[in-house]
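Novice: Next up is a structure, given as structure tokens.
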Amino acid sequence: MRKSRAAYPLTWRVMDMLEAIAARLWPARFARALPYLMLAPAVLLVGILVLGLVQIGDSSLRVLDTSTFLMSEDYTLANYQRALTESFFATVAGRSLLGSVIVTVITLILAFPYAYLMVRTPSSALRNVLLVALFLPFFIGQVVRAYGWLIILGNQGMVNEALGLVGVPPMRLLYNYPAVLFGLIQYMLPFAVLMLAPALTAIPAELEAAASSLGANWLGTFRHVVLPLARPGLVGAGLVVVTLSLTDFAIPAILGGGSQDFIANAIYDQFFRTSDQGMGATLSLLLVAVGSLLVGLVFMLFGAGTLAMTGERK
Amino acid sequence: MTGSRSKSIVIWTFVITALVMLSAPTIVVLGASFTAGNIITFPPEGLSLKWYGAIAQASDLRQAFVRSLIVASICTIVSIPVGTLAGIALAKYRVRFARSIQIYLLLPFTIPLIGSGIGMMLVFGNMGVLGSLWPVGIACCVINLPFMIWAVTASASNLSPDLELAAANCGAPPLQRFLYITLPAVLPGVITGSLLMFILALNEFLVSLLLVDARSVTLPVQIYNSIRSIITPDLAAISVVFIASAAIAIAVLDRLVGLDIFLKSK
Numbered sequence: 002m003r004k005s006r007a008a009y010p011l012t013w014r015v016m017d018m019l020e021a022i023a024a025r026l027w028p029a030r031f032a033r034a035l036p037y038l039m040l041a042p043a044v045l046l047v048g049i050l051v052l053g054l055v056q057i058g059d060s061s062l063r064v065l066d067t068s069t070f071l072m073s074e075d076y077t078l079a080n081y082q083r084a085l086t087e088s089f090f091a092t093v094a095g096r097s098l099l100g101s102v103i104v105t106v107i108t109l110i111l112a113f114p115y116a117y118l119m120v121r122t123p124s125s126a127l128r129n130v131l132l133v134a135l136f137l138p139f140f141i142g143q144v145v146r147a148y149g150w151l152i153i154l155g156n157q158g159m160v161n162e163a164l165g166l167v168g169v170p171p172m173r174l175l176y177n178y179p180a181v182l183f184g185l186i187q188y189m190l191p192f193a194v195l196m197l198a199p200a201l202t203a204i205p206a207e208l209e210a211a212a213s214s215l216g217a218n219w220l221g222t223f224r225h226v227v228l229p230l231a232r233p234g235l236v237g238a239g240l241v242v243v244t245l246s247l248t249d250f251a252i253p254a255i256l257g258g259g260s261q262d263f264i265a266n267a268i269y270d271q272f273f274r275t276s277d278q279g280m281g282a283t284l285s286l287l288l289v290a291v292g293s294l295l296v297g298l299v300f301m302l303f304g305a306g307t308l309a310m311t312g313e314r315k
Numbered sequence: 017m018t019g020s021r022s023k024s025i026v027i028w029t030f031v032i033t034a035l036v037m038l039s040a041p042t043i044v045v046l047g048a049s050f051t052a053g054n055i056i057t058f059p060p061e062g063l064s065l066k067w068y069g070a071i072a073q074a075s076d077l078r079q080a081f082v083r084s085l086i087v088a089s090i091c092t093i094v095s096i097p098v099g100t101l102a103g104i105a106l107a108k109y110r111v112r113f114a115r116s117i118q119i120y121l122l123l124p125f126t127i128p129l130i131g132s133g134i135g136m137m138l139v140f141g142n143m144g145v146l147g148s149l150w151p152v153g154i155a156c157c158v159i160n161l162p163f164m165i166w167a168v169t170a171s172a173s174n175l176s177p178d179l180e181l182a183a184a185n186c187g188a189p190p191l192q193r194f195l196y197i198t199l200p201a202v203l204p205g206v207i208t209g210s211l212l213m214f215i216l217a218l219n220e221f222l223v224s225l226l227l228v229d230a231r232s233v234t235l236p237v238q239i240y241n242s243i244r245s246i247i248t249p250d251l252a253a254i255s256v257v258f259i260a261s262a263a264i265a266i267a268v269l270d271r272l273v274g275l276d277i278f279l280k281s282k
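Chains as they are written, first to last, in my numbering: chain V, 2 to 315; chain G, 17 to 282.
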């Protein structure tokens with residue numbers, strides 16, 4: 002008897018032991034609750050965000066007492082009133098909104114041909130080059146990319162030095178509105194292309210062939226066949242780009258040099274320069290409301306797209 | 017075929033503009049890191065590796081880099097079990113309120129980053145843990161968790177439920193079925209997801225900026241703080257760390273799942 006047990010491989014015995022522990026901890030009659038147990042850690046982790054939003058909401062209802070530099074004990078809506086009436090915040094919000102709309106339009110114009118070529122090209126080498134060129138900046142991070150632009154566009158930057166060689170006096174290319182928009186467009190391109198590509202993949206190439214065999218030139222095909230069919234992708238990509246550029250911090254901070262603040266920079270300043278936590282929280286909450294509304298719209302209209310978390314059951 | 021020629025001219029004009037915009041900063045940073053001069057000039061003053069020597073000496077940069085590695089590791093280690101379990105649960109089981117849970121788990125993507133960052137700053141600040149590195153790691157994990165869950169569900173949906181039933185039929189108890197059938201099936205997704213989590217946490221900037229203090233700055237924040245003064249090539253040399261890790265991540269991703277997975281329509 003003892004001998005045969007020794008012939009049992011060690012791994013089997015370990016597995017049996019683990020199995021027994023698992024069965025004791027989570028008996029079979031709880032089996033139906035198992036998926037909820039598996040989801041619990043993720044739900045808890047995201048709960049930190051919800052807790053954060055609650056805290057922001059709480060802070061936004063308190064005003065800063067300028068004599069003691071403490072937050073008031075009782076709740077008031079004074080911060081919201083200030084945020085909606087003071088012209089400084091209106092300027093920043095207007096600048097961010099206008100900026101994000103311009104960025105979105107230009108990004109989509111640049112991203113569409115890129116995604117189209119990437120999807121339609123018969124050469125897999127070209128497709129890979131385009132994909133790598135897309136992912137590399139995506140994975141490098143905003144700070145390093147903005148730093149690259151500083152080297153290129155700075156007062157002693159490459160463009161100005163090169164212009165100097167042919168006798169053009171140095172120009173101020175940085176720390177202005179166009180520089181911020183330019184940086185944002187570069188930041189947004191990968192997002193836009195990756196949102197557009199699946200939509201373009203879904204358009205059969207035969208449709209375009211059919212249109213041209215019926216006598217449409219490529220502009221006509223593009224206008225009347227490709228563009229209307231790609232509209233869901235365009236709207237989705239557009240909304241994502243609007244939201245991300247509206248709420249961006251790093252590019253306006255680095256390429257705007259403090260003079261071209263977007264909403265996120267104003268929030269940061271409220272917390273770390275003015276130390277007015279209540280005002281900062283109010284602005285954050287307003288931004289979260291606008292941002293969530295926009296993204297919620299995307300998900301409502303198109304589902305979560307490539308990020309949908311229920312793969313089709315097969 | 018003049019039509020198709022004008023079409024390719026138009027497309028290529030846009031694509032080349034986009035390619036130049038996308039790649040210019042990377043190439044310039046790469047080039048600037050090898051300059052022999054003390055400031056970055058054009059044309060470059062010659063090639064040298066001296067700035068790499070300089071950053072090897074600079075202890076603040078090195079420490080910031082180590083901190084970034086720690087943050088990225090914490091983020092990845094936390095996200096692997098959390099994301100894998102959640103992903104399998106969503107893909108394999110019929111969960112009640114599945115749609116609401118999904119929307120809830122997508123919150124990190126729908127809440128603007130500055131909002132999430134400020135919120136977590138307040139939460140961790142009230143707990144009195146700001147200044148240590150693990151809150152930064154947890155925060156990076158929270159904001160990117162949907163990537164991990166997405167990667168796992170994408171590979172779990174390829175798993176046929178019959179396989180597990182077959183294993184059960186052969187007498188495999190639940191834990192064995194999970195370890196020998198389910199887990200290997202979702203492993204490619206887990207690897208893809210953890211790679212994404214690691215690389216995104218390594219260069220996460222805004223959330224780090226909000227959660228670190230002077231003693232715990234991570235590398236992106238350190239670079240951001242140094243940018244304010246003068247542009248010297250040592251920053252370019254340290255930035256090459258990010259470029260290199262991005263390149264490695266892309267190569268591994270391409271090997272594992274193929275980059276064109278992102279082109280598929282749903």
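Don't be surprised by glycine CBs; every beta carbon is placed ideally from N, CA and C.
For M2 of chain V, which three-state DSSP category applies?
Specialist: Residue 2 of chain V sits at position 1 when you count from the first residue of the first sequence. Caution applies to M2 of chain V, whose pLDDT of 47 falls short of 50 and renders its modelled position unreliable; the value that the coordinates give is listed next. Three-state result, M2 of chain V: coil.
Novice: Assuming contact is defined by CB atoms lying nearer than 8 Å, are S261 of chain G and M164 of chain G in contact in what I supplied?
Specialist: Indexing the second sequence from 1 puts residue 261 of chain G at position 245. Indexing the second sequence from 1 puts residue 164 of chain G at position 148. Not closer than 8 Å, so no.
Novice: Using three-state DSSP, classify T202 of chain V as helix, strand or coil.
Specialist: Along the first sequence, read from residue 1 onward, the residue named residue 202 of chain V stands at position 201. Helix at T202 of chain V.
Novice: Give a yes or no on whether 8 Å exceeds the smallest Cβ distance from S276 of chain V to chain G.
Specialist: Stepping through the first sequence from its first residue, residue 276 of chain V is reached at position 275. It does not; no Cβ of chain G falls within 8 Å.
Novice: Rounded to the nearest angstrom, how far is the Cβ of P162 of chain G from that of L212 of chain G, given a contact under 8 Å?
Specialist: As a working note, residue 162 of chain G is residue 146 in the second sequence. As a working note, residue 212 of chain G is residue 196 in the second sequence. Their Cβ separation, rounded to whole angstroms, is 10 Å, which puts P162 of chain G and L212 of chain G out of contact at 8 Å.
Novice: Leaving aside the five residues before and after T311 of chain V along the sequence, list all residues of the same chain whose C-beta is less than 8 Å from its C-beta, in chain order.
Specialist: Here the question's residue 311 of chain V lines up with position 310 in the first sequence. Per-residue confidence for T311 of chain V stands at a pLDDT of 41, beneath the threshold of 50, marking its modelled position as unreliable; the derived number appears in the next sentence. Contacts found: none.
Novice: How would you list, in chain order, the residues of chain G whose beta-carbon sits under 7 Å from the beta-carbon of I141 of chain V?
Specialist: In the first sequence, residue 141 of chain V corresponds to position 140, counting from 1. Under the 7 Å cutoff, chain G gives T42, N219, F258, I259, A262.
Novice: If we count the other Cβ atoms within 10 Å of its Cβ and call it buried at 16 or more, is L78 of chain V buried or exposed?
Specialist: For the purposes of this step, residue 78 of chain V is taken as residue 77 along the first sequence, with counting starting at 1. Under this definition L78 of chain V is an exposed residue.
Novice: Could you check what DSSP says for A309 of chain V in three-state terms: helix, strand or coil?
Specialist: Working through the first sequence from its first residue, we reach residue 309 of chain V at position 308. Note that A309 of chain V has pLDDT 46, beneath the 50 cutoff, so the model's placement of it is unreliable and no number is given.
Novice: Does DSSP put D270 of chain G in a helix, in a strand, or in coil?
Specialist: Translated into the one-based positions of the second sequence, residue 270 of chain G becomes position 254. In this structure, D270 of chain G counts as helix in the three-state DSSP scheme.
Novice: Name the residue from G:R193, G:I86, G:S255 whose alpha carbon lies nearest to the alpha carbon of I152 of chain V.
Specialist: By 1-based counting over the first sequence, the position of residue 152 of chain V is 151. Checking every option, the nearest Cα to that of I152 of chain V belongs to G:S255.
Novice: Please name the residues in the segment 74 to 93 of chain G whose beta-carbon is closer than 8 Å to at least one beta-carbon of chain V, in chain order.
Specialist: Identification of residues in the segment 74 to 93 of chain G having a C-beta nearer than 8 Å to some C-beta of chain V yields an empty set.
Novice: Closer than 8 Å, CB to CB, is T208 of chain G near chain V or not?
Specialist: Stepping through the second sequence from its first residue, residue 208 of chain G is reached at position 192. By this cut-off, T208 of chain G is not an interface position.
Novice: Leaving aside the five residues before and after L272 of chain G along the sequence, list all residues of the same chain whose C-beta is less than 7 Å from its C-beta, in chain order.
Specialist: Taking the second sequence and counting its residues from 1, one reaches residue 272 of chain G at position 256. Cβ within range, chain order: P204, I207, T208.
Novice: Can you tell me whether L122 of chain G is helix, strand or coil according to DSSP?
Specialist: The count along the second sequence starts at 1 and reaches residue 122 of chain G at position 106. Note: L122 of chain G maps to coil in three-state DSSP.
Novice: Once the 5 residues before and after V104 of chain V are set aside, which same chain residues still bring their CB inside 7 Å of it?
Specialist: Your numbering for residue 104 of chain V matches position 103 in the first sequence. These residues qualify, in order along the chain: L182, L185, I186, M189, V242, S246.
Novice: If I follow the unbroken alpha helix (DSSP H) through W67 of chain G, where does it start and stop?
Specialist: Here the question's residue 67 of chain G lines up with position 51 in the second sequence. Taken as a continuous stretch (DSSP letters only), the alpha helix (DSSP H) holding W67 of chain G covers 66 to 73.
Novice: Does the beta carbon of A48 of chain G sit closer than 8 Å to a beta carbon anywhere in chain V?
Specialist: Within the second sequence, the letter at position 32 stands for residue 48 of chain G. Answer yes: the Cβ-Cβ gap between A48 of chain G and chain V drops below 8 Å somewhere.
Novice: So W219 of chain V is in the alpha helix (DSSP H); what residue range does that whole segment cover?
Specialist: As a working mapping, residue 219 of chain V is identified with position 218 in the first sequence. 219 to 222 is the span of the alpha helix (DSSP H), which, as asked, contains W219 of chain V.
Novice: If you run the structure through DSSP and keep just helix, strand and coil, what is T51 of chain G?
Specialist: Your numbering for residue 51 of chain G matches position 35 in the second sequence. DSSP, read as helix, strand or coil, puts T51 of chain G in strand.
Novice: Taking only beta carbons into account, state which residues of the segment 79 to 106 of chain V come closer than 7 Å to chain G, listed in chain order.
Specialist: Listed by position along the chain: nothing, the set is empty.
Novice: At least one CB of chain G closer than 8 Å to the CB of M39 of chain V: is that the case?
Specialist: Position 38 of the first sequence, counted from the start, is the residue given in the question as residue 39 of chain V. Judged by the 8 Å Cβ criterion, M39 of chain V is in contact with chain G.
Novice: Within 8 Å of any Cβ in chain G, is that where the Cβ of V144 of chain V sits?
Specialist: In the first sequence, counting from the first residue as 1, residue 144 of chain V sits at position 143. So yes, V144 of chain V belongs to the interface.
Novice: Start and end of the alpha helix (DSSP H) containing F113 of chain V?
Specialist: Indexing the first sequence from 1 puts residue 113 of chain V at position 112. Residues 88 to 121.
Novice: What is the C-beta distance between L235 of chain V and A116 of chain V, in whole angstroms, given that I count them as a contact (C-beta under 8 Å)?
Specialist: Numbered from its first residue, the first sequence carries residue 235 of chain V at position 234. Numbered from its first residue, the first sequence carries residue 116 of chain V at position 115. At roughly 10 Å, the Cβ-Cβ gap does not stay under 8 Å, so L235 of chain V and A116 of chain V are not in contact.
Novice: Looking at C-alpha atoms only, which residue of V:G142, V:A238, V:E209, V:I255 is the closest neighbour of H225 of chain V?
Specialist: One-based indexing of the first sequence puts residue 225 of chain V at position 224. Ranking the options by Cα distance to H225 of chain V, first place goes to V:E209.
Novice: Would you call the segment 167 to 182 of chain G and the segment 215 to 233 of chain G in contact, with 3 or more CB pairs under 8 Å?
Specialist: Output reads no: the segment 215 to 233 of chain G does not touch the segment 167 to 182 of chain G.
Novice: Between the segment 156 to 176 of chain V and the segment 88 to 95 of chain V, are three or more C-beta pairs nearer than 8 Å?
Specialist: no
Novice: Straight-line CA distance for M37 of chain G to P249 of chain G?
Specialist: Counting from 1 along the second sequence, the entry for residue 37 of chain G is found at position 21. Counting from 1 along the second sequence, the entry for residue 249 of chain G is found at position 233. Roughly 21 Å separates the two Cα atoms.
Novice: Taking the Cβ atom as the reference point for each residue, do A290 of chain V and I57 of chain V lie within a distance shorter than 8 Å?
Specialist: Your numbering for residue 290 of chain V matches position 289 in the first sequence. Your numbering for residue 57 of chain V matches position 56 in the first sequence. Not closer than 8 Å, so no.
Novice: Please state the DSSP three-state secondary structure of S148 of chain G.
Specialist: Translated into the one-based positions of the second sequence, residue 148 of chain G becomes position 132. Strand at S148 of chain G.
Novice: To which residues does DSSP link M72 of chain V through a beta bridge?
Specialist: The residue labelled residue 72 of chain V in the question sits at position 71 within the first sequence. Answer is V:L65, bridged to M72 of chain V.
Novice: Leaving out five residues on either side along the sequence, give the residues of the same chain with a beta carbon under 8 Å from the beta carbon of V168 of chain G.
Specialist: Taking the first residue of the second sequence as 1, we reach residue 168 of chain G at position 152. Excluding positions up to five away in sequence, the list reads G99, T100, A102, G103, I104, A107, V202, G205, V206, G209.
Novice: List the residues of chain V whose Cβ lies closer than 7 Å to the Cβ of K23 of chain G, in chain order.
Specialist: The residue you call residue 23 of chain G lines up with position 7 of the second sequence. Those are W219, listed as they occur along chain V.
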